[in-house]
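In this note's numbering, the protein residues as written are 1 to 159.
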């Protein structure tokens, strides 16, 4: 709670400073941010509903069995693939990660999930191939997948 207050307070101070520096640019930026927020709002609501339904219907013991400490490398691969496929904004992934941890998922699984979610984009791969070329896009995503698993294993070992 304290961290959220500090971050929001700092953001508010930055907004005040921006308004003082250039009121028109700040208003324009706020309009763009508002439109972007409205554009992703339906997806955010759908993802939250799906997560709520999944966590409501799948018992904690099942989640712990699939992605918990005893799931082993198979559980890590499951969340790695899930994270690579899903297209969820990072801001939603953190509350989801907290819910998974509370439901019995291991730190390693959650770290891999968050990392693949933010580093790999199966949904955005066609755009990446068009912009970077097939070889570079596939290499970047493949290396990111391996690095995400390594990050998760390190996090699990540390925590």
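Quick reminder that beta carbons are idealized off the backbone N, C-alpha and C, glycines included.
- Rounded to the nearest whole angstrom, the CA to CA distance from residue 131 to residue 39 is 24 Å.
- Around the C-beta of residue 142, fewer than 16 other C-beta atoms lie within 10 Å, and the residue is accordingly described as exposed.
- Check the Cα spacing between residue 145 and each of 92, 27, 72 and 112: the tightest is with 112.
- The three-state secondary structure of residue 124, taken from DSSP, is coil.
- Between the C-alpha atoms of residue 59 and residue 73 there is a straight-line separation of about 21 Å.
- Per DSSP, residue 49 is one residue of the alpha helix (DSSP H) stretching across 23-57.
- In the DSSP assignment, residue 148 falls within the unbroken alpha helix (DSSP H) covering 134-158.
- Sequence-distant Cβ neighbours of residue 65 in its own chain, meaning closer than 7 Å and more than five residues away, are 71.
- By the neighbour-count criterion, in which a residue is buried when 16 or more other Cβ atoms sit within 10 angstroms of its Cβ, residue 116 is buried.
- Counting only runs of 4 or more residues that sit fully inside the stretch 80-116, the alpha helix (DSSP H) segments are 90-102, in chain order.
- Taking all protein chains in view, the Cβ of residue 29 is surrounded by fewer than 16 other Cβ atoms within 10 Å, so the residue is classified as exposed.
- Closest in C-alpha terms to residue 104, from the list 55, 93, 19 and 26, comes 55.
- For residue 25 and residue 8, the gap between their C-alpha atoms comes out near 21 Å.
- For residue 70, there is no enclosing alpha helix (DSSP H), as DSSP marks it with neither H nor E.
- Here the alpha carbons of residue 109 and residue 80 stand approximately 8 Å from one another.
- Burial check for residue 75: the Cβ neighbour count within 10 Å reaches 16 or more, so the residue is buried.
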